[in-house]
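In our numbering, the protein residues as written are 6 to 82. Backbone N, C-alpha and C fix where the C-beta goes; we use that ideal spot for every residue, glycine too. Note that the coordinates shown come from a computational prediction; the quantities given were computed from them, not determined experimentally. What follows is a set of notes on a single structure, which appears directly below.
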């Protein structure tokens with residue numbers, strides 16, 4: 006996927022995404038929304054298992070979760 010960041014987020018709505026944060030933690034869930042500041046809203050993923058991305062443990066969100074865009078390093082669909 007390529008393009009402007011907000012276009013990529015738009016194309017990823019209702020898809021599973023992994024969000025990596027500045028503190029090194031990673032979360033995944035279904036992308037339910039976003040705004041121009043790249044604040045993102047994640048819903049609990051359909052499958053409740055934890056994922057391992059390389060050597061980094063990725064934690065699924067348990068409920069509706071809002072992540073402030075200032076903390077986001079990457080979002081991977």
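In the structure shown, residue 67 adopts coil according to DSSP, grouped into three states.
Around the beta carbon of residue 24, 16 or more other beta carbons lie within 10 angstroms, which makes this residue buried. Under the three-state reduction of DSSP, residue 19 is assigned to coil, being neither helix nor strand. The residues 22, 24, in chain order, have a CB closer than 6 Å to that of residue 80 in the same chain once the five nearest residues on each side in sequence are set aside. Secondary-structure assignment with DSSP links residue 31 through a beta bridge to 25, 63. Taking 8 Å as the upper bound for CB-CB distance, residue 36 and residue 72 are not in contact here, some 11 Å apart. Here residue 74 carries a helix assignment [DSSP, helix/strand/coil].
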